[in-house]
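A quick write-up on the structure given underneath.
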Amino acid sequence: MQRLSRHKVAMKLLNYYPQWQTTAHLGTIVAEKILDLTKAFPADSRFSSVSALLRAGRDSMLRAQRHVNEDASWIKTGPMIDEIRYGPPVDERCRIFCVGLNYADHAAENKLPPPESPIFFSKLASVAIGNKEQIPLPVISQQVDYEAEFAFVIGSRTKRVSVEDAWRHIAGFTIMNDVSARDLQFQDKQWFRGKNCDGFAPLGPWLVTTDEVSNPDNLAITLRLKSVRAQIPDNCFSNRHSCFRSCRRRSRWKPVMSLVPAPQEVSATTLTRRFS
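Numbering-wise (numbering that gives the first Met the number 0), the sequence shown opens with residue 0 and increments by one.
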């Protein structure tokens, strides 16, 4: 097992459902297996979920990391990552902020100029679902779209943060399918209903802490629909083509509201495609 500095937090954190259980546990991944942190700290609510751990702060993250480093006995009994049911790495207290039309090539493809400032919208945490869960298609929509997006997760309460300081307030990264009902979105002349049908925010499978990602602004993003690649990372779904990169987007909130641990911000595009 890899040994890490006592001050470094490099983990893949997830919420998952142990076999035969209906309540999600917090876990971390090592060598394709799950270490159940909720089971390791059964009386400590800080280890009940990804969001609870982030809200508890870096000391709790370091405690979880030390447990991973010091106790290898769980490796024999931990489930494999392909044997579990995933929960979304958020709870209903979280807020999901998204940035529309954030990829320059897709702005050009849609014959739109890149926005001069970020276009923000939100998704409810209550519509988030876990990895591999089925997305329910609303009967009132005939134009449901997929969008694989990069998401970063806030790790500390902050307001009025500069671009230079924004990085240290990010806990980690994940991915989200920003599902949209385009007909509802255009019918309403605003985005809320079309973005917030049940199940319209598949998230995960896990959160990767910042110490595991050297350059989040140079990651490719892809999506497969029925095993066929529907978003091609070498085309334009890459963070290097993002109009507003992670720290710039993060700092845009500074005069507006305080951000607390566990909210997510998602780089979103605006395209018209359809599930079939």
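Positions of the beta carbon are idealized from the N, C-alpha and C atoms, including for glycine.
Note that the structure is predicted; figures quoted are calculated from it, not measured.
Of the residues the options, the one placed nearest residue i, counting alpha carbons only
{"i": "THR22", "options": "PRO87, ARG181, GLN64 and LEU224", "result": "PRO87"}
{"i": "LEU136", "options": "SER116, ASN195 and SER44", "result": "ASN195"}
{"i": "TRP190", "options": "THR173, HIS24 and VAL98", "result": "VAL98"}
{"i": "VAL67", "options": "ALA55, LEU34 and ILE174", "result": "LEU34"}
{"i": "ALA51", "options": "ARG65, LYS32 and GLY26", "result": "GLY26"}
{"i": "SER226", "options": "LYS158, LYS131, PRO204 and PHE151", "result": "LYS131"}
{"i": "ARG94", "options": "GLY154, PRO112, MET10 and GLN64", "result": "GLY154"}
{"i": "SER48", "options": "ARG228, VAL89 and THR76", "result": "VAL89"}
{"i": "THR37", "options": "LEU224, ASP182 and GLN20", "result": "GLN20"}
{"i": "GLU82", "options": "PRO204, GLU211, SER213 and ASP210", "result": "PRO204"}
{"i": "ARG92", "options": "VAL162, ASN214, ARG228 and LEU53", "result": "LEU53"}
{"i": "THR173", "options": "ASP43, PHE119, LYS32 and GLU211", "result": "GLU211"}
{"i": "GLY77", "options": "ARG57, PHE46 and GLU31", "result": "GLU31"}
{"i": "ARG84", "options": "PHE46, ASP43 and ILE128", "result": "ILE128"}
{"i": "ASP182", "options": "HIS168, ALA63 and GLN142", "result": "GLN142"}
Rounded C-alpha distance that separates residue i from residue j
{"i": "CYS242", "j": "THR208", "result": "Low per-residue confidence applies at CYS242: pLDDT is 43, beneath 50, and the placement is therefore not dependable, though the value from the model is reported in the following sentence. Roughly 23 Å separates the two Cα atoms."}
{"i": "GLN18", "j": "ARG156", "result": "35 Å"}
{"i": "GLU69", "j": "LEU13", "result": "20 Å"}
{"i": "TYR16", "j": "ALA170", "result": "23 Å"}
{"i": "LYS188", "j": "ILE28", "result": "43 Å"}
{"i": "LEU218", "j": "PRO41", "result": "36 Å"}
{"i": "ALA124", "j": "PHE151", "result": "14 Å"}
{"i": "SER121", "j": "PHE96", "result": "5 Å"}
{"i": "ASP233", "j": "LYS110", "result": "Its pLDDT being 46, under 50, ASP233 is placed unreliably in this model, and the value from its coordinates should be taken loosely. Whole-angstrom Cα-Cα distance: 20 Å."}
{"i": "ILE220", "j": "SER140", "result": "26 Å"}
{"i": "PRO215", "j": "ASP164", "result": "16 Å"}
{"i": "MET60", "j": "MET10", "result": "9 Å"}
{"i": "ARG192", "j": "ARG65", "result": "43 Å"}
{"i": "ASP58", "j": "TRP166", "result": "18 Å"}
{"i": "LEU202", "j": "HIS24", "result": "16 Å"}
{"i": "GLY56", "j": "ALA39", "result": "18 Å"}
{"i": "LEU222", "j": "ALA229", "result": "6 Å"}
Cβ neighbour criterion (16 or more within 10 Å) applied to residue i
{"i": "MET79", "result": "exposed"}
{"i": "PRO112", "result": "exposed"}
{"i": "GLN186", "result": "exposed"}
{"i": "LEU224", "result": "exposed"}
{"i": "ARG45", "result": "buried"}
Proximity test, Cβ basis, 8 Å: residue i and chain D
{"i": "ASP58", "result": "Any reference to chain D falls outside this structure, which holds one protein chain only."}
Do three or more CB pairs link the segment 139-154 to the segment 169-186 at distances below 8 Å? yes
Using 8 Å as the Cβ pair cut-off and three pairs as the minimum, do the segment 196-205 and the segment 124-141 touch? Judged by Cβ distances under 8 Å, the segment 196-205 makes contact with the segment 124-141, as three or more pairs qualify.
Contiguous beta strand (DSSP E) assignments of at least 3 residues, all confined to the segment 150-235: 169-176, 206-208, 222-224 and 227-230
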